[in-house]
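Per our numbering, the very first residue in the sequence shown carries number 4; after that it's consecutive.
Ideal Cβ placement from N, Cα and C applies to all residues, glycine included.
Given the structure is predicted, the values throughout are model-derived calculations rather than measurements.
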Amino acid sequence: MESPTTEAAPDTTRYREARDRALAWLVARQHHEAGDDRGAWGVDAPMVGFTALALTAIAKGDAVDRYPEAVQGGVDYLLRHRRPNGAIYNVEMGNANYMTSCAIMALVALDRADLGDAIRQAATAVASGQVMDPTDLRNYGGFGYEPAAGETREHPVDLGNTAFALDALHAAEEAGYFSPDRERMRAAESFLTRLQNRSESNPLSPEVRGYGDDGGFMYRVGESKAAETTDEQGRRVLPSYGSMTYEGLLSFLYAGVDKDDARVLGALGWIRDHYTTDENPGLSDRHNRDLGQQGLYYYLHAFSKAHLAYGHGAVVTPDGVSHDWAAEMGDALLALQQPDGYWKNDHSPRWMEGDTTYATSLALLALQNSVTGLERRGARR
Numbered sequence: 004m005e006s007p008t009t010e011a012a013p014d015t016t017r018y019r020e021a022r023d024r025a026l027a028w029l030v031a032r033q034h035h036e037a038g039d040d041r042g043a044w045g046v047d048a049p050m051v052g053f054t055a056l057a058l059t060a061i062a063k064g065d066a067v068d069r070y071p072e073a074v075q076g077g078v079d080y081l082l083r084h085r086r087p088n089g090a091i092y093n094v095e096m097g098n099a100n101y102m103t104s105c106a107i108m109a110l111v112a113l114d115r116a117d118l119g120d121a122i123r124q125a126a127t128a129v130a131s132g133q134v135m136d137p138t139d140l141r142n143y144g145g146f147g148y149e150p151a152a153g154e155t156r157e158h159p160v161d162l163g164n165t166a167f168a169l170d171a172l173h174a175a176e177e178a179g180y181f182s183p184d185r186e187r188m189r190a191a192e193s194f195l196t197r198l199q200n201r202s203e204s205n206p207l208s209p210e211v212r213g214y215g216d217d218g219g220f221m222y223r224v225g226e227s228k229a230a231e232t233t234d235e236q237g238r239r240v241l242p243s244y245g246s247m248t249y250e251g252l253l254s255f256l257y258a259g260v261d262k263d264d265a266r267v268l269g270a271l272g273w274i275r276d277h278y279t280t281d282e283n284p285g286l287s288d289r290h291n292r293d294l295g296q297q298g299l300y301y302y303l304h305a306f307s308k309a310h311l312a313y314g315h316g317a318v319v320t321p322d323g324v325s326h327d328w329a330a331e332m333g334d335a336l337l338a339l340q341q342p343d344g345y346w347k348n349d350h351s352p353r354w355m356e357g358d359t360t361y362a363t364s365l366a367l368l369a370l371q372n373s374v375t376g377l378e379r380r381g382a383r384r
């Protein structure tokens, strides 16, 4: 990886124009009807998670003053779904960790003192959901989905939930509303280590974690969302893939792991080898390239967050080409934007990206990270 370039970055005007068009589209899709959904976002299933992501996109897009009524409506919706323990989620849907984490990031992004208590209590609720039993080798240190009302099945922890939790707790800490417990951060680090395809550091047996050894990440211990394969010896491999590898890298940083740690460098090696803004790498195969479109906007959001957090200016791939990740991702997003301003995943509605408000919120957050990355290098305003 290279340090940020000292050359002038491209003008961000067209990215900002695309962002503003998307924000106008998104605000127009907020629910205004009387009832529990008032103030929410979500096409088929209005919910705290989608609403929080939309609010975060508005806040990070410098549009709070432009859309004050929409913002307040969204905040009111979130606060109506606060639970006695401080969590913020739709009880009938469950997913308390994911939704509360999204809500924390939205409330922090709005930067309002009157939301401080809600942020503190929500952060405490998220932190309390971490698995802290060291004898539970599959789950120790991680976070997972909680069951919906009436559900009895267990939900093992996973990297997606853990990444959202650590991102939210980091945001709350940066805003002065949360102090991380080092024991819990070390536990999170341990969980992340057990999800990385890196034999030098992963303490689990290959029979449990698979025989992958490329430095990338899987979804949970013993499970990848990419199709299982075998190595040359016929042994089981749980493939690494893009969105989880970027989430793994970001989560290592938020858990306090040094940038020059061998595990971080291993993840960076995978990222360098699989750099792309065209798909979620690791999910497609030669028989079905569309599989790589699964979770595309989630991937681009994770891609942008991790590059910003690490401080990358450019990524040099094995062929020696230097890639300006912020400009290339920004261009990719503009090419995917619909004429009316929104984004949708035409190739795969999996992982909720068939909901245009969700896909648009993720794309907006990624696009804003592109603008931030370019402006850090002196882009013309």
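Counting along the chain, where does the alpha helix (DSSP H) carrying Ser131 start and finish? For the purposes of this step, residue 131 is identified with residue 128 of the sequence shown, where counting begins at 1. Its alpha helix (DSSP H) spans residues Gly119 to Ser131.
Unbroken alpha helix (DSSP H) run spanning Gly163, endpoints: Residue numbering aside, residue 163 sits at position 160 when the sequence shown is read from its first letter. Element bounds for Gly163: Leu162 to Glu177.
Do the CB positions of Gly245 and Phe194 come within less than 8 Å of each other? For this step, residue 245 is matched to residue 242 along the sequence shown. For this step, residue 194 is matched to residue 191 along the sequence shown. No, these two residues do not count as a Cβ contact at 8 Å.
What does a CB cutoff of less than 7 Å around Ala121 pick up in its chain, not counting 5 residues either side in sequence? For the purposes of this step, residue 121 is taken as the residue at position 118 of the sequence shown. Answer for Ala121: Leu82, Arg85 and Leu110, listed in chain order.
For Gly298, does the three-state DSSP call read helix, strand or coil? As a position in the sequence shown, residue 298 is number 295, starting the count at 1. Coil, per DSSP.
Span of the alpha helix (DSSP H), counted from its first residue to its last, around Pro209: Here residue 209 refers to the residue found at position 206 when the sequence shown is read from its first residue. Where Pro209 is concerned, the enclosing alpha helix (DSSP H) stretches over Pro209 to Arg212.
Can you give me the start and stop residues for the alpha helix (DSSP H) that Trp44 sits inside? Walking along the sequence shown from the start, residue 44 turns up at place 41. Run containing Trp44: none; DSSP gives neither H nor E here.
Hey, how far is the Cα of Asp371 from the Cα of Trp354? The count along the sequence shown starts at 1 and reaches residue 371 at position 368. The count along the sequence shown starts at 1 and reaches residue 354 at position 351. Note that residue 371 is Gln in the sequence shown, not Asp. Between Gln371 and Trp354, the C-alpha separation is close to 22 Å.
So which of Gly38, Ala55 and Ser182 has the shortest CA-CA distance to Leu29? To locate residue 29, count along the sequence shown from 1; it is residue 26. Comparing Cα-Cα distances from Leu29 to each of Gly38, Ala55 and Ser182, the minimum goes to Ala55.
Residue burial classification, Asn88 (beta-carbon count within 10 angstroms, cutoff 16): On the sequence shown, residue 88 is found 85 positions in, with the first residue counted as 1. Looking at its Cβ environment, which holds fewer than 16 other Cβ atoms inside 10 Å, Asn88 is exposed.
In chain order, each alpha helix (DSSP H) run of at least 4 residues that lies wholly inside the segment 260 to 288: 265 to 276
How long is the line joining the alpha carbons of Asp170 and Ser254, rounded to whole angstroms? Here residue 170 is taken as the residue at index 167 of the sequence shown, counted from 1. Here residue 254 is taken as the residue at index 251 of the sequence shown, counted from 1. Roughly 7 Å separates the two Cα atoms.
If you follow the alpha helix (DSSP H) that Gln236 is part of, which residue opens it and which one closes it? Position 233 of the sequence shown, counted from the start, is the residue given in the question as residue 236. Element bounds for Gln236: n/a, residue is neither H nor E.
Give me the Cβ distance between Ala229 and His304, rounded to the nearest whole Å; I'm assuming they're in contact under 8 Å. Numbered from its first residue, the sequence shown carries residue 229 at position 226. Numbered from its first residue, the sequence shown carries residue 304 at position 301. At roughly 19 Å, the Cβ-Cβ gap does not stay under 8 Å, so Ala229 and His304 are not in contact.
Exposed or buried, what is Gln236 when buried is set at 16 or more other beta-carbons lying within 10 Å of its beta-carbon? Residue mapping note: residue 236 aligns to position 233 of the sequence shown, counting from 1. Exposed, since its Cβ has fewer than 16 Cβ neighbours within 10 Å.
Measuring only the C-alpha atoms, how far is Glu192 from Gly132? Your numbering for residue 192 matches position 189 in the sequence shown. Your numbering for residue 132 matches position 129 in the sequence shown. Approximately 16 Å, taken between the alpha carbons.
Considering Glu186, what are the terminal residues of the alpha helix (DSSP H) in which it resides? On the sequence shown, position 183 is the one that residue 186 refers to. Arg185 to Leu198 is the span of the alpha helix (DSSP H), which, as asked, contains Glu186.
Assign Val74 to one of two classes, buried (16 or more other C-beta atoms within 10 Å of its C-beta) or exposed (fewer than that). As a first step, residue 74 is located in the sequence shown; it is residue number 71 there, counting from the start. Val74 should be labelled buried.
Suppose you measure from the CA of Leu367 to the CA of Arg22; what does that come to, to the nearest Å? Counting from 1 along the sequence shown, the entry for residue 367 is found at position 364. Counting from 1 along the sequence shown, the entry for residue 22 is found at position 19. Their Cα atoms are separated by approximately 6 Å.
Of all Cβ atoms in chain D, is any one closer than 8 Å to the Cβ of Gly38? Absent from the structure: chain D. Only one protein chain is present.
Sufficient close CB pairs (3 or more, under 8 Å) joining the segment 173 to 190 to the segment 205 to 213: no
Whose C-beta lies closer than 7 Å to the C-beta of Tyr214 among residues of the same chain, with five residues either side of it excluded? Mapped onto the sequence shown, residue 214 falls at position 211. Around Tyr214: Asp234, Arg238, Arg239 and Val240.
Within this structure, are the beta carbons of Gly285 and Gly219 separated by less than 8 Å? As a working note, residue 285 is residue 282 in the sequence shown. As a working note, residue 219 is residue 216 in the sequence shown. Contact: yes.
C-alpha distance - Gly298 paired with Phe306, whole-angstrom precision: The residue labelled residue 298 in the question sits at position 295 within the sequence shown. The residue labelled residue 306 in the question sits at position 303 within the sequence shown. Rounded to the nearest angstrom, the two C-alpha atoms are 12 Å apart.
Just verifying my parser: in three-state terms, what is the DSSP assignment at His310? By 1-based counting over the sequence shown, the position of residue 310 is 307. Helix.
Nearest-angstrom Cα separation, counted from Ser243 out to Thr232: Position 229 of the sequence shown, counted from the start, is the residue given in the question as residue 232. Position 240 of the sequence shown, counted from the start, is the residue given in the question as residue 243. Cα to Cα, the separation comes out at about 11 Å.
When you compare only the Cα positions, how much space is there between Ser6 and Ala175? Taking the first residue of the sequence shown as 1, we reach residue 6 at position 3. Taking the first residue of the sequence shown as 1, we reach residue 175 at position 172. Reliability fails at Ser6, whose pLDDT of 48 lies under 50, so the model's placement of it is uncertain and no value is given.
Give me the residue from Phe53, Asn142, Leu140 and Met96 with the minimum Cα distance to Met108. Here residue 108 refers to the residue found at position 105 when the sequence shown is read from its first residue. For the residues Phe53, Asn142, Leu140 and Met96, the minimum Cα distance to Met108 belongs to Phe53.
Can you find the residues in the same chain that come closer than 6 Å, C-beta to C-beta, to Asp327, ignoring five residues on each side of it along the sequence? As a working note, residue 327 is residue 324 in the sequence shown. Closer than 6 Å at the Cβ level, and outside the excluded window around Asp327, lie Ala317.
When you compare each of Val260, Val374 and Arg380 to Thr15 by their alpha carbons, which one comes out closest? For this step, residue 15 is matched to residue 12 along the sequence shown. Comparing Cα-Cα distances from Thr15 to each of Val260, Val374 and Arg380, the minimum goes to Val374.
Is Gly393 helix, strand or coil when you go by DSSP? Only positions 4 to 384 of the chain appear in this structure, which leaves residue 393 out of reach.
Which of helix, strand or coil does DSSP assign to Phe53? Position 50 of the sequence shown, counting from 1, holds the residue named residue 53. In this structure, Phe53 counts as helix in the three-state DSSP scheme.
Are the beta-carbon atoms belonging to Leu256 and Tyr313 less than 8 Å from one another? Taking the first residue of the sequence shown as position 1, residue 256 is located at position 253. Taking the first residue of the sequence shown as position 1, residue 313 is located at position 310. Yes, Cβ-Cβ distance for Leu256 and Tyr313 is below 8 Å.
DSSP state of Glu226 mapped onto helix, strand, coil: Position 223 of the sequence shown, counted from the first residue, corresponds to residue 226. It is a strand residue.
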